[in-house]
Amino acid sequence: MIITVENLTFYYDSIPALRNVSVEILSGELVTVLGPNGSGKTTFLKCLCRLLKPRAGYIRFDGQPIWRMKPNRFAQQVGYVPQVHSPSFPYRVIDVVASGKTPYLSALAVPSEKDYELAYQALEAVGCRELAERPYTQLSGGELRLVLIARALAQQPKILLLDEPTSHLDFKNKIVVMRIIKNLVREKRVTAVVSEHDPNIALAFSDKVMLMKEGRVVAYGKPDEVINEETMKILYGMDVEVISLTNPRSKFVVPRMLNAQ
Amino acid sequence: MALTLHICVGKYPLSPTMILTLLTEKLFRTSEHALEQLVFFDIRLPRAIMAALFGAAMGVTGAALQSTLRNPLASPYILGMSSGAAVGAALSLAFNLGVLSTEVSAFTFALLAVFLTLAISSVRGSLSPVSIVLAGVVVSALFQGALTVIQIMAQPENVSAIVSWIVGRLNAVYWNHVLLSAPPALVGILGIILLRWRIFVLSMGDEEARALGVNVRRERVAVILLTSLAVSSVVAAAGIIGWVCLITPHLTRLMIGSDPKKLLPASLSLGASLLLVSDALAKSVWKYEIPVGVVTTLIGAPLFLYLLRRSMHVYGGWA
Chain P
13 MIITVENLTF YYDSIPALRN VSVEILSGEL VTVLGPNGSG KTTFLKCLCR LLKPRAGYIR
73 FDGQPIWRMK PNRFAQQVGY VPQVHSPSFP YRVIDVVASG KTPYLSALAV PSEKDYELAY
133 QALEAVGCRE LAERPYTQLS GGELRLVLIA RALAQQPKIL LLDEPTSHLD FKNKIVVMRI
193 IKNLVREKRV TAVVSEHDPN IALAFSDKVM LMKEGRVVAY GKPDEVINEE TMKILYGMDV
253 EVISLTNPRS KFVVPRMLNA Q
Chain R
299 MALTLHICVG KYPLSPTMIL TLLTEKLFRT SEHALEQLVF FDIRLPRAIM AALFGAAMGV
359 TGAALQSTLR NPLASPYILG MSSGAAVGAA LSLAFNLGVL STEVSAFTFA LLAVFLTLAI
419 SSVRGSLSPV SIVLAGVVVS ALFQGALTVI QIMAQPENVS AIVSWIVGRL NAVYWNHVLL
479 SAPPALVGIL GIILLRWRIF VLSMGDEEAR ALGVNVRRER VAVILLTSLA VSSVVAAAGI
539 IGWVCLITPH LTRLMIGSDP KKLLPASLSL GASLLLVSDA LAKSVWKYEI PVGVVTTLIG
599 APLFLYLLRR SMHVYGGWA
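Chains as they are written, first to last, in our numbering: chain P, 13 to 273; chain R, 299 to 617.
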């Protein structure tokens, strides 16, 4: 699905959070939204999944304005993984994943055996099948993140929106989660929009990177074209050095302040 | 089983086999045991059915509200229903408005309290769990104040009637109560059980439920209205019996886990059994009847503390 955003503007009461954001995201791409705290990343994602209604501008999925779609039809196309989830009751993991089938059920229905089979497959896809029967209140941060991604997969979406999927995860799990997201984009041909704090994660995994600051798009394009010393200086007000490795061929952003005396 | 126990226990003991005899006698329209028939059909049976209905309604609505409001301490009474019902009943009893009108008045005021709670909490269009609970607390306080005023103004003999109504009065339940409260109670209970998956999804949080295509505001109001219907109609008939609504869902979760498909039906049957057993105790442990509301409180409060201690690690998120 192609996501077209035109002149998107959003205010929290009188405080602007997004100003004239225009961007086009192609089908099957993994796009990372990179920017400092308060730059509008989360607001942008919430506008994309209709949790926030923009003040002006519009968002279209395959040419269709999203606010004209029915809520359950919309939820069949778009899976959302929140930044934080506070568990309320100790539900089994598999039930939480099965709740992803809700947009396909009528108000009085309960998921069928087939729906649960699909939920197991979604859990399998994120490599967590063995967690199915555990209470989801007892999972580690990384496991919970993967379970929530599995729930979004059970929605069988064409677009996945993930709000900082690597936050609070350890050094390795950040990469595990991003790899899984990358594979899902490849195999299931979904479009993914991911907000992120680490330029190196953005460099390693995205097809496109969108740089944001103070509610505006600073730059949008291929990661190694967009992420450089100048743009990082604009974004974070900090001097960085971009170093290139030859084996494996990759670029890394290293903050200069690490070496400062 | 709890039903049989409940029917057999009392000042005039009936054996389980006697019940079978009585049922066949009724079927063949004979009356060898006239006194037993009177006790069974006109006193024991309506009281037992009311107790089961009350417990079922409380169990199911308690579980539904805890999920819908994402609050393990939520219960139907938190919406202001109990104080509303008490004011309704007190008004009618204090000014001698007649027997049937006590129930009607309690029912009306209970619903009024819930509408007030919903109206206050939707002022800024939010209707979030926190604003509902806060509004419920305010409305409860308001009606508690009104209740005190009514008690001060009422005649002494009416005050004792009010007090005995408030602590719950399954002992004064007859067929007309059962027939009046059963239809709305069953509608509410059935509606909530049918909505059980949506109720589970609501407990994931407002934003996530919306991202799953659920109309959060509409569904939450639907659950609250069905709850009010069920609870108001049983409370109007049998008074305010506390703790069943709070304990039952937690006990159920400990027994069968938090299965979103089974939790509500299981809470229903456990709530019914709990209240039947409590009421059987209420009428049998002492030479006088203890109000069943007192029994549920005496059992419920310590049990709740125990459960809370035991399940802290499971509810790590809030305990």
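Just so it is clear, CB atoms sit at the ideal spot from N, CA and C, and this is done for glycine as well.
For residue i, go through chain R and note every residue whose CB falls closer than 9 Å to its CB, in chain order.
| i | result |
| --- | --- |
| ASP107 of chain P | PHE498, SER556, ASP557, PRO558 and LYS559 |
| LEU130 of chain P | Per Cβ cutoff of 9 Å: no residues; LEU130 of chain P is ~15 Å from chain R at best. |
Can you pull the chain R neighbours of residue i, defined as C-beta to C-beta under 7 Å?
| i | result |
| --- | --- |
| PHE86 of chain P | GLY511 |
| TYR92 of chain P | ALA509 |
| PRO83 of chain P | GLY511 and ASN513 |
In chain P, which residues lie with their C-beta within 9 Å of the C-beta of residue i?
| i | result |
| --- | --- |
| LEU493 of chain R | ALA119 and LEU120 |
| ARG368 of chain R | SER98, SER100 and PHE101 |
| ALA551 of chain R | Contrary to the premise, residue 551 of chain R reads as Arg rather than Ala in this sequence. Going along chain P in sequence order, the residues near ARG551 of chain R (Cβ under 9 Å) are PHE101 and PRO102. |
Starting from residue i, find everything on chain R with Cβ-Cβ shorter than 8 Å and list it in chain order.
| i | result |
| --- | --- |
| PRO115 of chain P | LEU510 and GLY511 |
| LEU63 of chain P | GLU505, ARG508 and ALA509 |
| GLY112 of chain P | LEU510 |
For residue i, which three-state DSSP category applies?
| i | result |
| --- | --- |
| VAL512 of chain R | coil |
| THR203 of chain P | strand |
| LEU144 of chain P | The displayed chain sequence assigns Ala, not Leu, to residue 144 of chain P. Coil at ALA144 of chain P, not helix or strand. |
| TYR472 of chain R | coil |
| GLY614 of chain R | Low confidence applies to GLY614 of chain R: its pLDDT is 47, below 50, so where it sits in the model is not reliable, and the reading given next is rough at best. The answer is coil: DSSP assigns GLY614 of chain R none of H, G, I, E or B. |
| VAL221 of chain P | strand |
| ASN195 of chain P | helix |
| TYR586 of chain R | coil |
| LEU566 of chain R | helix |
| LEU181 of chain P | coil |
| ILE538 of chain R | coil |
| LEU549 of chain R | helix |
| LEU371 of chain R | coil |
| ILE497 of chain R | helix |
| ALA452 of chain R | coil |
| ARG228 of chain P | strand |
| GLY50 of chain P | coil |
| ILE15 of chain P | strand |
| ARG104 of chain P | strand |
Output, in chain order, the set of chain P residues within a Cβ distance shorter than 8 Å of residue i.
| i | result |
| --- | --- |
| SER365 of chain R | SER100 and PHE101 |
| ARG607 of chain R | Within 8 Å Cβ-Cβ: nothing; ARG607 of chain R doesn't reach chain P, min ~16 Å. |
To the nearest angstrom, how far is it from the Cα of residue i to the Cα of residue j?
| i | j | result |
| --- | --- | --- |
| GLU401 of chain R | ALA535 of chain R | 6 Å |
| GLY394 of chain R | ARG85 of chain P | Reading the sequence as shown, one finds Asn at residue 394 of chain R and not Gly. The alpha-carbon atoms of ASN394 of chain R and ARG85 of chain P are separated by roughly 56 Å. |
| ILE341 of chain R | GLU517 of chain R | 39 Å |
| LEU38 of chain P | VAL202 of chain P | 10 Å |
| HIS331 of chain R | MET451 of chain R | 47 Å |
| SER365 of chain R | SER556 of chain R | 11 Å |
| PRO64 of chain P | SER424 of chain R | The question names Pro, but residue 64 of chain P is Leu in the sequence shown. Taking the straight line from one Cα to the other gives about 14 Å. |
| ASP175 of chain P | VAL230 of chain P | 19 Å |
| PRO99 of chain P | LEU318 of chain R | 50 Å |
| GLY614 of chain R | ARG163 of chain P | A caution first: GLY614 of chain R carries a pLDDT of 47, below 50, which makes its placement in the model unreliable, though a value can still be read off. Answer to the nearest angstrom: the Cα atoms are 22 Å apart. |
| PRO102 of chain P | SER313 of chain R | 43 Å |
| GLU125 of chain P | LEU156 of chain P | 23 Å |
| THR578 of chain R | ASN513 of chain R | Here the sequence assigns Ala to residue 578 of chain R, which means Thr is not the residue at that position. Each residue's alpha carbon lies about 43 Å from the other. |
| VAL35 of chain P | ILE193 of chain P | 21 Å |
| ARG67 of chain P | VAL358 of chain R | 42 Å |
| PHE405 of chain R | VAL533 of chain R | 8 Å |
| LEU477 of chain R | ILE491 of chain R | 22 Å |
| TRP616 of chain R | VAL435 of chain R | In this prediction, TRP616 of chain R has a pLDDT of 42, which is less than 50 and means its spatial position is unreliable; what the coordinates show is noted afterwards. Looking at the two C-alpha atoms, the distance is approximately 20 Å. |
| ARG607 of chain R | ILE554 of chain R | 18 Å |
Can you name the residues of chain P whose CB is closer than 7 Å to the CB of residue i?
| i | result |
| --- | --- |
| SER501 of chain R | SER100 and PHE101 |
Name the one or two DSSP bridge partners that residue i has.
| i | result |
| --- | --- |
| GLN76 of chain P | P:PHE73 |
| ALA68 of chain P | P:THR21 |
| LEU174 of chain P | P:VAL93 and P:VAL206 |
| LEU351 of chain R | BP columns for LEU351 of chain R are empty, so no partner. |
| VAL33 of chain P | P:LEU20 |
| SER118 of chain P | Looking at the DSSP assignment, SER118 of chain P forms no beta bridge with any residue, so it has no partner. |
| ILE255 of chain P | P:PHE264 |
| LEU42 of chain P | P:ALA204 |
| PRO28 of chain P | P:TYR23 |
| GLY233 of chain P | P:VAL221 |
Cβ of residue i within 7 Å of any heavy atom in the ligand MN?
| i | result |
| --- | --- |
| TYR128 of chain P | For the structure depicted, the ligand MN is absent and the ligand set is empty, with no information on it obtainable. |
Against chain P: residues of the stretch 564-581 of chain R by CB proximity under 7 Å: none
Tell me which residues of the stretch 207-228 of chain P have at least one Cβ-Cβ distance to chain R shorter than 9 Å, keeping chain order. Result list empty, no residue passes.
With 8 Å as the limit, tell me which residues of the stretch 69-81 of chain P have their beta carbon closer than that to any beta carbon of chain R; keep them in chain order. Contact annotation: in the stretch 69-81 of chain P, no residue has its CB less than 8 Å from a CB in chain R.
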